[in-house]
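Some notes on the structure that comes next.
Numbering (our numbering), first residue to last: 272 to 340.
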């Protein structure tokens, strides 16, 4: 699975998830449980650049292995 890059668009810290604008222009969901130790969810901010992998999920494609770029 290739590594992609993108920028965090929105964070819902109270619910533990956010959305990343991917290099392909798509906006995709990520959950706090899919952040790597090097980029804990609590330290991420909107507009941060990150790298990640995409994973198919029953509710659509989501970002996993999220870490700082």
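Cβ atoms here follow ideal geometry from the backbone N, Cα and C, with glycine treated the same way.
Looking from the CA of residue 325, the closest CA among 312, 301 and 296 belongs to 301. A Cβ-Cβ distance of about 6 Å is found for the pair residue 279 and residue 289, placing them in contact under the 8 Å criterion. Annotated three-state conformation of residue 292 is strand, per DSSP. Residue 340 is classed as exposed because its beta carbon has fewer than 16 other beta carbons within 10 Å across all chains shown. Sixteen is the threshold: when 16 or more other Cβ atoms of the shown chains lie within 10 Å of the Cβ of residue 337, as they do, the residue is buried.
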